[in-house]
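Contents: one structure, followed by commentary.
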């Protein structure tokens, strides 16, 4: 048995690979087989993370295992889907038992946290790269799309923003901070928690949704464009964590919250009539603005002045050679 | 808009990305949405091809586009699935418009040949690598698994074997041959045709099936192990193409047919009582042996002598630095 065959057996033995709800056939045949209940649709998303582009060449493989799955799973949450499973395409330059064991441990933790079964994949030799394809199910007609927001809707987010962008200098070892500040930021970067409970609570309530991966303003631009309207963000309402403010200061923390990427927090539009019923669901969220006729995304200060910065999507970090 | 955003728009405009049967929502949102009819299951498979491992760094991108999808789609055929769609995770070192146009053209040709819609994916910067995840549907209980063969079943294959392995020295430019020999071999390598018609004809008839990617003997070993029995291959019955015999000679052609990889031809076991009804379906296939009590795979010469070689799975070519 070759070393890559051994790796496949190794992943196949992980707790998250032992099947689960919706998995009719898991790892080991030409295909996996999934059950999708009548009246539901299968939601599918694929994400690739490349070493040196999406994560540092040198990093803790356990944390990488957690993050690589969470980033992909967040797209399921953003559709309001119930998690089923995922495939892992792992390309490795060499086989290190210690690296694999830690990576698989992190992957398995996040998989079980999300309720996702590992159902298949491929393991190949080459420069380190990870492609996840994630699967969920959502009642037909209730998936949360980017199109569908209406003028008058409230603009909301599922939690504090900017933590991952703020964590980047810590991740890259460019800066240090006391543990009280660095720990929550690094936790958000390495182990984002896909907002499945929020996404499912939004079914039948939200008119549009996505997960923030390019930065709040850029991603709001995607909803605005897909829905054919304008979105207005009230700067004072954008939630920022105490750790981010403590680490970066108020101004830079706000900038990170508006333009930083990799947050994997949901942004959505909600008709005002749904506000009380969503609050009653108990899942936390923040109203940060509104949808109105027009186009594009604007930012308002507490006095209502337009202070929209030049919008730029988040660029993944890229190591200099 | 960044160059990789442009690439995404480029693929989204391809004919194969305009939706199709079973695709409720295609490219452009956080997830794609697939419809799986009641009583059917979703079949899923993921394959990664890495430059320098699974294909030469320098090759025709149109041919690569065809091959990269066909290799993955073959797993759907091997389950007896009806094709629905695929996601493409493409990692590129740089953006070349000519390369992308040709790659997308080849991909689109194969997608339409197979009846597969491009439903999503990811495009990232990094060393050239392609991960495809393919989706199909198959009636519950009728998927063709590796387990299920019974003693007394006939062992069959869907066509001539060894062509792709025979083509390898031509692909790598190590040898040349007259066009009459090289053209069919190269066509088989660069544009294998997933055997969907055969796979679907085998539903309810075959007891086990897979597609030959590691070589006939190694893949028969997978069926034998999963089914808990032995398989016997009659060397004289193994189909070999005239082009392969002409290029390699009879002995080396037989060796390629037995141990060469990348054929993407189906191998399956069939109860003798199903033989006439499968023949009546009109899809060509060849009976090459039988299943019997025991374990492992043995090879017999026309006199019935055991001439089993030392079995080795196919190793993907790896360029020397």
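Chains as they are written, first to last, in my numbering: chain A, 37 to 357; chain B, 37 to 357.
Backbone N, C-alpha and C define an ideal beta-carbon position, used for all residues, glycine too.
Requested in this report: Quick one: list the residues of chain A neighbouring residue 324(B), beta-carbon separation under 8 Å, in chain order.
Outcome: To locate residue 324(B), count along the second chain from 1; it is residue 288. Ordered by position in chain A, no residue passes the 8 Å Cβ test against residue 324(B), which lies about 19 Å from the chain.
Query - Nearest residue (CA-CA) to residue 138(A), options 47(A), 168(A), 281(A), 242(A) - result: Residue 138(A) sits at position 102 when you count from the first residue of the first chain. Closest option to residue 138(A), Cα to Cα, is 47(A).
Query raised in the report: Under three-state DSSP, which class holds residue 210(A)?
Result: Position 174 of the first chain holds residue 210(A). Residue 210(A) carries a coil assignment under DSSP once its states are collapsed to helix, strand and coil.
Query raised in the report: Thinking C-alpha only, which one of 141(A), 114(A), 276(A), 175(A) is nearest residue 234(A)?
Result: By 1-based counting over the first chain, the position of residue 234(A) is 198. Per the Cα distances, 114(A).
Requested in this report: Please say whether residue 301(B) and residue 290(B) have beta carbons closer to each other than 9 Å?
Outcome: Along the second chain, read from residue 1 onward, the residue named residue 290(B) stands at position 254. Along the second chain, read from residue 1 onward, the residue named residue 301(B) stands at position 265. No, Cβ-Cβ distance for residue 290(B) and residue 301(B) is not below 9 Å.
**Report entry** residue 243(B) (DSSP reduced to helix, strand or coil)
**Finding:** The residue labelled residue 243(B) in the question sits at position 207 within the second chain. For residue 243(B), the secondary structure class from DSSP, reduced to helix, strand or coil, is coil.
Query raised in the report: Mapping DSSP to helix, strand and coil, what is residue 202(B)?
Result: The residue given as residue 202(B) occupies position 166 in the second chain. The answer is helix: DSSP assigns residue 202(B) an H, G or I state.
Query raised in the report: residue 163(B) versus chain A: which residues are under 7 Å apart at the beta carbon?
Result: Along the second chain, read from residue 1 onward, the residue named residue 163(B) stands at position 127. Chain order gives the chain A residues near residue 163(B) as 162, 163, where near means a beta carbon separation below 7 Å.
Query raised in the report: Going by beta carbon distance, what residues of the same chain come within less than 6 Å of residue 49(B), once the five residues before and after it are set aside?
Result: Start at 1 with the first residue of the second chain, and residue 49(B) comes out as number 13. The same chain holds no residue with a CB closer than 6 Å to that of residue 49(B) once the five nearest residues on each side in sequence are set aside.
Query - Residue environment, residue 158(A), which counts as buried when at least 16 other CB atoms sit within 10 Å - result: Translated into the one-based positions of the first chain, residue 158(A) becomes position 122. Using a 10 angstroms sphere on the CB of residue 158(A), the tally of other CB atoms reaches 16 or more, which defines it as buried.
Query raised in the report: Which two residues bound the contiguous beta strand (DSSP E) that contains residue 119(A)?
Result: One-based indexing of the first chain puts residue 119(A) at position 83. Note, residue 119(A): beta strand (DSSP E), 118-128.
Query raised in the report: Would a C-beta distance cut-off of 9 Å place residue 332(A) and residue 257(A) closer than the cut-off?
Result: By one-based count along the first chain, residue 332(A) stands at place 296. By one-based count along the first chain, residue 257(A) stands at place 221. Going by beta carbons, residue 332(A) and residue 257(A) fall inside the 9 Å limit.
Requested in this report: Give the straight-line distance between the Cα atoms of residue 347(A) and residue 252(A), rounded to the nearest whole angstrom.
Outcome: Taking the first chain and counting its residues from 1, one reaches residue 347(A) at position 311. Taking the first chain and counting its residues from 1, one reaches residue 252(A) at position 216. Residue placement at residue 347(A) cannot be trusted, given a pLDDT of 47 that sits under 50; what the coordinates show is reported in the next sentence. Take the alpha-carbon of residue 347(A) and the one of residue 252(A): they are about 10 Å apart.
Query raised in the report: Taking all protein chains shown into account, do 16 or more other C-beta atoms lie within 10 angstroms of the C-beta of residue 211(B), making it buried, or fewer, making it exposed?
Result: By one-based count along the second chain, residue 211(B) stands at place 175. Answer is exposed; the Cβ neighbour count stays below 16.
Query raised in the report: Whose C-alpha, out of 107(A), 70(A), 79(A), is nearest the C-alpha of residue 63(B)?
Result: In the second chain, the residue the question calls residue 63(B) occupies position 27. Looking at the Cα atoms, 79(A) is the closest of the given residues.
Report task. Please list, in chain order, all residues of the same chain as residue 310(A) whose beta carbon is under 6 Å from its beta carbon, the five residues on each side excluded. Result -> For the purposes of this step, residue 310(A) is taken as residue 274 along the first chain, with counting starting at 1. The residues are 241.
Query raised in the report: Which same chain residues, not among the five before or five after residue 343(B), have their C-beta less than 8 Å away from its C-beta?
Result: The residue given as residue 343(B) occupies position 307 in the second chain. Within the same chain, Cβ atoms closer than 8 Å to the Cβ of residue 343(B) are found at 271, 335, 336, 337, the five residues on either side in sequence being excluded.
Requested in this report: Indicate whether residue 237(B) and residue 221(B) have their beta-carbon atoms separated by less than 9 Å.
Outcome: Position 201 of the second chain holds residue 237(B). Position 185 of the second chain holds residue 221(B). Contact flag unset, no.
Report task. Using a Cβ-Cβ cut-off of less than 9 Å, list which residues of the stretch 147-159 of chain B approach chain A; keep chain order. Result -> Residues passing the 9 Å Cβ filter: 155, 156, 157, 158, 159.
Query raised in the report: Between residue 377(B) and residue 324(B), is the Cβ-Cβ spacing less than 9 Å?
Result: Outside the shown range of chain B (37 to 357) lies residue 377(B), about which nothing can therefore be said.
Report task. Would you mind telling me which residues of chain A sit closer than 8 Å to residue 69(B), beta carbon to beta carbon, in chain order? Result -> The sequence position of residue 69(B) within the second chain is 33, counting from 1. In chain order: 77, 78, 79, 80, 115, 174, 179.
Requested in this report: Using 10 angstroms around the beta-carbon of residue 306(B), count the other beta-carbons present and answer buried if the total reaches 16, otherwise exposed.
Outcome: Taking the second chain and counting its residues from 1, one reaches residue 306(B) at position 270. By the neighbour-count rule (16 or more Cβ atoms within 10 Å), residue 306(B) is buried.
Report task. Under 7 Å between beta-carbons, which chain A residues line up against residue 333(B)? List them in chain order, please. Result -> Within the second chain, numbered from 1, the residue matching residue 333(B) stands at position 297. None at all; the shortest Cβ gap to chain A is about 16 Å.
Query raised in the report: For the beta strand (DSSP E) that contains residue 83(B), what are its first and last residues?
Result: The residue labelled residue 83(B) in the question sits at position 47 within the second chain. Where residue 83(B) is concerned, the enclosing beta strand (DSSP E) stretches over 76-86.
Requested in this report: For residue 74(A), go through chain B and note every residue whose CB falls closer than 8 Å to its CB, in chain order.
Outcome: In the first chain, the residue the question calls residue 74(A) occupies position 38. Per Cβ cutoff of 8 Å: 74.
**Report entry** Classification of residue 45(A) by the beta-carbon crowding that lies within 10 angstroms, buried from 16 upward
**Finding:** Within the first chain, numbered from 1, the residue matching residue 45(A) stands at position 9. By the 10 Å Cβ count, residue 45(A) comes out exposed.
Query raised in the report: Three-state secondary structure (DSSP) at residue 197(B)?
Result: For the purposes of this step, residue 197(B) is identified with residue 161 of the second chain, where counting begins at 1. Residue 197(B) falls in the coil class under three-state DSSP.
Query raised in the report: Among the residues of its own chain, which have a CB less than 7 Å from the CB of residue 268(A), if the five just before and after it don't count?
Result: Here residue 268(A) refers to the residue found at position 232 when the first chain is read from its first residue. Here the set comprises 325, 326, 328, 334, 336.
Requested in this report: From the DSSP output, in three-state form, read off residue 175(B) for me.
Outcome: If you number the second chain from 1, residue 175(B) lands on position 139. Reduced to three states, the DSSP call for residue 175(B) is strand.
Query raised in the report: Relative to the alpha-carbon of residue 59(B), which residue among 156(B), 42(B), 160(B) has its alpha-carbon at the smallest distance?
Result: Along the second chain, read from residue 1 onward, the residue named residue 59(B) stands at position 23. Residue 156(B) holds the alpha-carbon nearest to the alpha-carbon of residue 59(B) among 156(B), 42(B), 160(B).
Report task. Answer with yes or no whether the minimum CB distance from residue 42(B) to chain A is below 9 Å. Result -> By one-based count along the second chain, residue 42(B) stands at place 6. So, not an interface residue.
Requested in this report: For residue 55(B), I'd like the list of residues in its chain whose CB is within less than 7 Å of its CB, leaving aside the five on either flank, ordered along the chain.
Outcome: Sequence index remark: in the second chain, residue 55(B) carries index 19 (1-based). Once the five neighbours on either side are set aside, the close Cβ partners of residue 55(B) are 62, 153.
Query raised in the report: Between the beta-carbon of residue 187(A) and the beta-carbon of residue 277(A), is there less than 9 Å?
Result: Position 151 of the first chain, counting from 1, holds the residue named residue 187(A). Position 241 of the first chain, counting from 1, holds the residue named residue 277(A). The beta carbons of residue 187(A) and residue 277(A) sit no closer together than 9 Å.
Requested in this report: Tell me where the alpha helix (DSSP H) around residue 331(B) begins and ends.
Outcome: Residue 331(B) sits at position 295 when you count from the first residue of the second chain. Counting along the chain, residue 331(B) falls outside any alpha helix (DSSP H), and DSSP gives it neither H nor E.
Report task. Within 10 angstroms of the Cβ of residue 315(B), are there 16 or more other Cβ atoms? Answer buried if so, exposed if not. Result -> Looking up residue 315(B) in the second chain gives position 279. Looking at its Cβ environment, which holds fewer than 16 other Cβ atoms inside 10 Å, residue 315(B) is exposed.
Requested in this report: Give every residue of the same chain whose Cβ lies closer than 6 Å to the Cβ of residue 357(B), excluding the five residues on either side of it in the sequence, and list them in chain order.
Outcome: As a working note, residue 357(B) is residue 321 in the second chain. No answer about residue 357(B) holds up, because its pLDDT of 27 lies below 50 and its placement is not dependable.
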